[in-house]
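Chemist: Residue numbers (my numbering): 125 to 240.
#1: Let me know the secondary structure DSSP gives residue 162 once reduced to three states.
#2: Quick one: what does DSSP say residue 202 is sitting in, helix, strand or coil?
#3: Alpha carbon to alpha carbon, what distance is there between residue 194 and residue 239?
#4: To which residues of the same chain is residue 201 closer than 6 Å at the C-beta, ignoring the five residues directly before and after it?
#5: Is the CB-CB distance between residue 235 and residue 196 below 7 Å?
#6: Check whether the Cβ atoms of residue 177 and residue 160 sit closer than 7 Å, and answer yes or no.
#7: Beta-carbon within less than 8 Å of residue 211's beta-carbon, same chain only, minus the 5 sequence neighbours each way: which residues are those?
#8: Is the separation between the beta-carbon of residue 174 and that of residue 165 shorter than 7 Å?
#9: Of all the options 187, 226, 214, 183, which has the alpha carbon lying nearest to the alpha carbon of residue 203?
#10: Rounded to the nearest angstrom, what separates residue 237 and residue 157 at their Cα positions?
#11: Does DSSP put residue 213 in a helix, in a strand, or in coil?
#12: Leaving out five residues on either side along the sequence, give the residues of the same chain with a beta carbon under 7 Å from the beta carbon of residue 224.
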């Protein structure tokens with residue numbers, strides 16, 4: 125007596141998957157794979173931060189929280205990224221992707237004065 129295979133379609137399915145997979149288009153690159161973009165970070169700051177912060181040295185926003193140029197000078201890129209990943213204190217809860225955080229940090233870097 126021949127014993128029935130528990131998954132009779134498994135072998136043909138896996139074989140066809142292995143043959144077809146290389147022909148499928150590659151998945152688009154994850155957004156986190158692109159370099160940080162200060163321009164996008166500036167747009168993000170304008171849309172998400174002006175309710176509480178002055179966003180640029182030229183003004184724009186409110187003074188309910190520290191001005192972003194002052195924050196940029198006072199903190200390193202690493203500190204800014206860590207804070208944006210888990211904001212605390214009086215800052216409202218925000219949800220940013222890693223790419224948005226990288227873009228914001230790149231923008232904040234443009235607000236620092238040039239080194240002497």
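By construction, the Cβ of each residue, glycine as well, lies at the ideal position given by its N, Cα and C atoms.
Modeler: So, from the listed chains and residues:
#1: Against the chain shown, residue 162 aligns to sequence position 38. Note: residue 162 maps to helix in three-state DSSP.
#2: In the chain shown, the residue the question calls residue 202 occupies position 78. In the three-state reduction of the DSSP assignment, residue 202 falls in the helix class.
#3: As a first step, residue 239 is located in the chain shown; it is residue number 115 there, counting from the start. As a first step, residue 194 is located in the chain shown; it is residue number 70 there, counting from the start. Pairing residue 239 with residue 194, the inter-Cα distance amounts to about 15 Å.
#4: If you number the chain shown from 1, residue 201 lands on position 77. Here the set comprises 229.
#5: The count along the chain shown starts at 1 and reaches residue 235 at position 111. The count along the chain shown starts at 1 and reaches residue 196 at position 72. Yes, the pair counts as a contact, with Cβ atoms nearer than the cut-off.
#6: In the chain shown, counting from the first residue as 1, residue 177 sits at position 53. In the chain shown, counting from the first residue as 1, residue 160 sits at position 36. Cβ distance not < 7 Å, so residue 177 and residue 160 don't count as in contact.
#7: Within the chain shown, numbered from 1, the residue matching residue 211 stands at position 87. Cβ within range, chain order: 217, 218.
#8: The residue given as residue 174 occupies position 50 in the chain shown. The residue given as residue 165 occupies position 41 in the chain shown. A distance of 7 Å or more separates the beta carbons of residue 174 and residue 165.
#9: Reading the chain shown from its first residue, position 79 is the one you call residue 203. Looking at the Cα atoms, 226 is the closest of the given residues.
#10: Residue numbering aside, residue 237 sits at position 113 when the chain shown is read from its first letter. Residue numbering aside, residue 157 sits at position 33 when the chain shown is read from its first letter. C-alpha separation (whole angstroms): 28 Å.
#11: Reading the chain shown from its first residue, position 89 is the one you call residue 213. Note: residue 213 maps to coil in three-state DSSP.
#12: Mapped onto the chain shown, residue 224 falls at position 100. Only 168 meet the Cβ criterion.
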